[in-house]
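Okay, so here's the structure we're looking at.
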Amino acid sequence: MSTVELTKENFDQVVTDSDFVLIDFWASWCGPCRQFAPVFEGASERHTDLVFAKVDTEAQQELAAAFEIRSIPTLMIVRDNVAVFAQPGALPEASLEDVIGQARALDMDEVRKSIEEAQKGAAASDGAGPGA
Numbered sequence: 516m517s518t519v520e521l522t523k524e525n526f527d528q529v530v531t532d533s534d535f536v537l538i539d540f541w542a543s544w545c546g547p548c549r550q551f552a553p554v555f556e557g558a559s560e561r562h563t564d565l566v567f568a569k570v571d572t573e574a575q576q577e578l579a580a581a582f583e584i585r586s587i588p589t590l591m592i593v594r595d596n597v598a599v600f601a602q603p604g605a606l607p608e609a610s611l612e613d614v615i616g617q618a619r620a621l622d623m624d625e626v627r628k629s630i631e632e633a634q635k636g637a638a639a640s641d642g643a644g645p646g647a
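If you read the sequence shown in this note's numbering, its first letter stands for residue 516, the second for the next number, and so on.
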């Protein structure tokens, strides 16, 4: 599968319709982004069961702002509509393969359970606890 260009118009549909999406936030003027591009593209050719997508932060400033992208390139992995990885910097091929392997190995039921517990804990500490 070729790399998908994400825009604010298609972002939700692509992410919602896909179980596993790797997103490269980049810009044409960014040297490290240009270095990472062939690594990302090579991984997309090896992992044809995954969706590889790119967000041009210059053209899609609202998306970059929504995800609080402060440094590019930033790689984000979304599984089952949950961001499970986000890290700025151009990863070498071996590191990208390792991250993909780790993301594949995640038990998403456990991830959702952890998120739910964290949200409950945050809600309990929002003025309902001692000292409020």
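Don't be surprised by glycine CBs; every beta carbon is placed ideally from N, CA and C.
inquiry  = Across the region 537-552 and the region 587-607, are there enough close Cβ pairs to call them in contact, namely three or more that are closer than 8 Å?
reply    = yes
inquiry  = I'd like to know whether the C-beta atoms of VAL593 and VAL530 end up nearer to each other than 8 Å.
reply    = Position 78 of the sequence shown, counted from the first residue, corresponds to residue 593. Position 15 of the sequence shown, counted from the first residue, corresponds to residue 530. Yes, the pair counts as a contact, with Cβ atoms nearer than the cut-off.
task = For the region 543-556 and the region 624-637, state whether three or more C-beta atom pairs, one from each stretch, are separated by less than 8 Å.
result = no
query = Sorted by chain position, which residues of the same chain lie with C-beta nearer than 8 Å to ALA558's C-beta, five sequence neighbours on each side aside?
reply = Here residue 558 corresponds to residue number 43 of the sequence shown, with the count starting at 1. Hits under 8 Å: LEU537, PHE567, GLU608, LEU611, GLU612 and ILE615.
inquiry  = By alpha-carbon positions, which one of LEU606, ASP622 and ASP595 ends up nearest to SER533?
reply    = Start at 1 with the first residue of the sequence shown, and residue 533 comes out as number 18. When each option's Cα is compared against that of SER533, the closest is ASP595.
inquiry  = Taking the beta carbon of ASP527 as the centre, do at least 16 other beta carbons fall within 10 Å, making it buried, or is it exposed?
reply    = By one-based count along the sequence shown, residue 527 stands at place 12. Per the 10 Å Cβ criterion, exposed.
key: Counterpart residues of ARG594 in DSSP-defined beta bridges   = Locating residue 594 in the sequence shown gives position 79, counting from the first residue. ARG594 pairs with PHE535 and VAL597.
message = Taking 7 Å as the limit between beta carbons, can you name the residues of its chain near ASN525, skipping five residues before and five after?
response = On the sequence shown, position 10 is the one that residue 525 refers to. Cβ neighbours of ASN525 beyond the five flanking positions: none.
request  = Report the partner residues of PHE540 according to the DSSP bridge assignment.
outcome  = Within the sequence shown, the letter at position 25 stands for residue 540. The partner list for PHE540 (beta bridge, DSSP) reads VAL570 and THR589.
message = Spatial neighbours of PHE535 within its chain, please: C-beta separation below 6 Å, excluding the five flanking residues on both sides.
response = Taking the first residue of the sequence shown as 1, we reach residue 535 at position 20. Around PHE535: LEU565 and ARG594.
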